[in-house]
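Shown next, in structure tokens, is the structure this report addresses.
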Amino acid sequence: MPPSSSSPSYESHFEHSALFEFSTVINASLDLRFILGHILLTLMGKLLSSRALVALAHEDGRYRVEMTKGLPAGLEGNELMIKTLPSTVAHVGRMSEKRHPWIAYFAEHDLSILIPLVASKRQIGILAFSARQGGRGLTKQEETYLRSLASISASAIEKCHMIDELGLVNRKLDRKIQELNTLFEVGKEFGAVLDPDKLIRLLVFSLLGQVGVNRYLICLKEGSDMRIAASRIDGAAPQPELLAGLTRIHAGVHIDEMIVTGAIDPRPVLLALCLKVAVPMELQGQTRGVLLLGEKLNREPFTPADFEFLSALSSLAIIALENARLFQQAIEKQKMEDELAIAREIQKGLLPSILPALPGYELAAANFSSKQVGGDYYDAIPLDDHRLILAIGDVSGKGTPASLLMANIQATIRALVPLDLPLTDLTARVNNLMCPNTGGSRFVTFFWGCLDHARRTFTYVNAGHNHPYLLHADGTVDRLDKGGMILGVMETMVPYEEGAAELREGDVLVLFTDGVSEAMNAASEEYGEERLEAVIRKGAGWGAQGLIDIIHQDITAHAHGAPQSDDITMMVMRVTA
């Protein structure tokens, strides 16, 4: 038999049904305003109240009024500071305003019944209603019913918040995926381009298309200065000294919040150009450029996510620009190496590949450049049937400049030797012709001699060169030091002096440049002329080429893997009969 409408079991059955229906309605929706409106209207109907509001918790104890019913317009959005809510249904008139100063707000708007909203033991809001019509109070059963409604309401609100937060996370995730896809595509485009100007254009298109800025200034570091690589601004570009201070930026920042550490404050100038943010272009922890951007076309502010995207984009751009620079350097280096290789072949062609064969004499020479081209020189020039000019020289410096001067010396000597003048006169002429070409900044140490192989005499002039060794068959050694000053410093004022030596069977003449005697090992110890003389004595009977080989091997052993610091050139003549 069903319960009568006046029995307690009937009322309980009715309340349970109402609670179930209420729960079904508010949990079927994800619209927070619909949920809040249904909660207020349901409870206003139950309490017979004419006014109501709901305030939801935010951070730092702040509660914001989300919806009102029967109250003056404009209350929605008001914020209240509530430290602690009542744990159950409360009445404003029974609460102490001294302990709960926030109740004055509810009293002011004639709201006397307060119902806390609690979900997962966490206070998420408060419901407030005006007194019941007729002034009748709440029974225990009604308070229990209201708490049940509030509990269901709190769960529905919490669910709505969670879904909203999940939606926000999903939107952020979707945006992040889109940004990553964009960066991936932009990275591929950057990686396929090695032209710096095209890379800058790609960066500009990315800023316009992905960020949507209306003004920009792209600055790249060159040495200690900044140059403007691309710009779209209203007004004159900032001065380089003002932009140089931007290299101290290491994170994206709003320009008006930028911390200035240099002597020049760039903020007024940049803000006057309507530029809003600065983003460093960093490579290996160093700021190699800066993006200065104006506001977005949609007028939205720059968010942390925008700065993160711009930092990633600027990193891709500066890496691509650095790769392009290194690629261009590699091309230039390869081009230079190719040209030097050609120059090396030309220079080798200038040195005699085959020395004249003389009856009763052995001749050998070798040149080992420390670079692809060098400034050492040797030559053997027949003067007539019985005379041969032997020459060796060393241009100050290394590399291409020294090799060019060496070629000039060789051409000069080859042009003057056929005049068949005394060596002293020829040396003075060579010096005087060289001086205008060296400018006083370069010089040449030079030695040459005339071998009369029929008479077995050797006359020579030494122009500041390492003194050659003439090792006689009896073990005595002469150092050929007669001559004068080095070539190319100043025109000849004091005549050069000529030296002469008699040659006998078994004598060995060794000409060399300072790359031999000054060869260094890892401890910066020189090879030295004493060691050279010892090797000459040891290898004198090995023949001209054999002596060169043994000297070079001993130099290599002394260096013990240290890089060759100077050109090494030797010429050896041995009297065999």
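65 is the number of the first residue of the sequence shown in the working numbering; add one for each residue after it. Ideal placement from N, C-alpha and C gives every residue a C-beta, glycine not left out. From a predicted model like this one, the values you see are computed outputs, not experimental measurements.
- Excluding residues up to 5 positions away in sequence, Gly439, Arg506 lie with their Cβ nearer than 7 Å to the Cβ of Gly461 in the same chain.
- Between the alpha carbons of Pro260 and Gln274 lies a gap of roughly 21 Å.
- With respect to Ala192, Leu181 sits apart: the two C-beta atoms are not nearer than 9 Å.
- Under DSSP, Ile292 forms a beta bridge with Cys283.
- Judged by their CB atoms, Ala430 and His622 are not nearer to each other than the 9 Å cut-off.
- In this structure, the CA atom of Leu266 is about 8 Å from the CA atom of Glu253.
- Nearest C-alpha to Glu130 among Gly109, Leu104, Leu490, Met549: Leu104.
- A direct Cα-to-Cα measurement between Met635 and Pro486 gives close to 22 Å.
- With a 10 Å radius around the Cβ and a threshold of 16 neighbouring Cβ atoms, Gly326 comes out exposed.
- A straight line joining the alpha-carbon of Ala455 with that of Pro532 spans about 11 Å.
- Judged by their CB atoms, Val354 and Leu385 are not nearer to each other than the 9 Å cut-off.
- Between the alpha carbons of Asp631 and Val257 lies a distance of about 42 Å.
- His314 and Thr351 do touch by the CB rule: their CB atoms are close to 6 Å apart, below 8 Å.
- In this structure, the straight-line span from the alpha carbon of Gly231 to that of Ile241 is close to 15 Å.
- Contiguous alpha helix (DSSP H) elements confined to the segment 589-625 occur at 593-603, 608-623, taking only those with 4 or more residues.
- Secondary structure of Pro180 (DSSP, three-state): strand.
- Asp320 counts as exposed, since fewer than 16 other C-beta atoms from the protein chains shown sit within 10 angstroms of its C-beta.
- Beta-bridge partners of Asn526 (DSSP): Phe511, Gly547.
- Going by DSSP, Asn496 is part of the alpha helix (DSSP H) stretching over 487-502.
- At a Cβ-Cβ threshold of 9 Å, Phe86 and Leu213 count as neighbours.
- In the DSSP annotation of this structure, Tyr127 is not part of any alpha helix (DSSP H); the continuous beta strand (DSSP E) holding it starts and ends at 126-133.
- Under the DSSP assignment, Arg239 falls in the alpha helix (DSSP H) whose first and last residues are 204-255.
- In this structure, DSSP gives Phe432 an extended state, which the three-state scheme calls strand.
- For Leu377, the secondary structure class from DSSP, reduced to helix, strand or coil, is helix.
- In the structure shown, Ala587 adopts coil according to DSSP, grouped into three states.
- For Glu85, the secondary structure class from DSSP, reduced to helix, strand or coil, is helix.
- In terms of Cα proximity to Ile445, the closest of Leu427, Phe432, Pro332, Val459 is Leu427.
- The DSSP-derived three-state label of Ala537 is coil.
- Distances from the alpha-carbon of Ile188 to those of Asp124, Glu364, Leu335 put Asp124 closest.
- Between Phe522 and Gly513 a beta carbon distance of about 5 Å is seen, short of the 8 Å cut, so the two are scored as contacting.
- Distance check between Arg451 and each of Leu422, Arg478, Ser434, Ile477 places Leu422 closest, using alpha-carbon atoms only.
- When C-beta atoms of the segment 533-548 are compared with those of the segment 473-482, fewer than three pairs fall below 8 Å, so the two segments do not count as touching.
- Taking all protein chains shown into account, Val459 has 16 or more neighbouring C-beta atoms within 10 Å of its C-beta and is therefore buried.
- In this structure, Thr509 sits away from Gly579, with a CB-CB distance that is not shorter than 9 Å.
- The Cβ atoms of Leu334 and Pro302 lie closer than 9 Å to each other.
- For Thr325, DSSP records no beta bridge to any residue.
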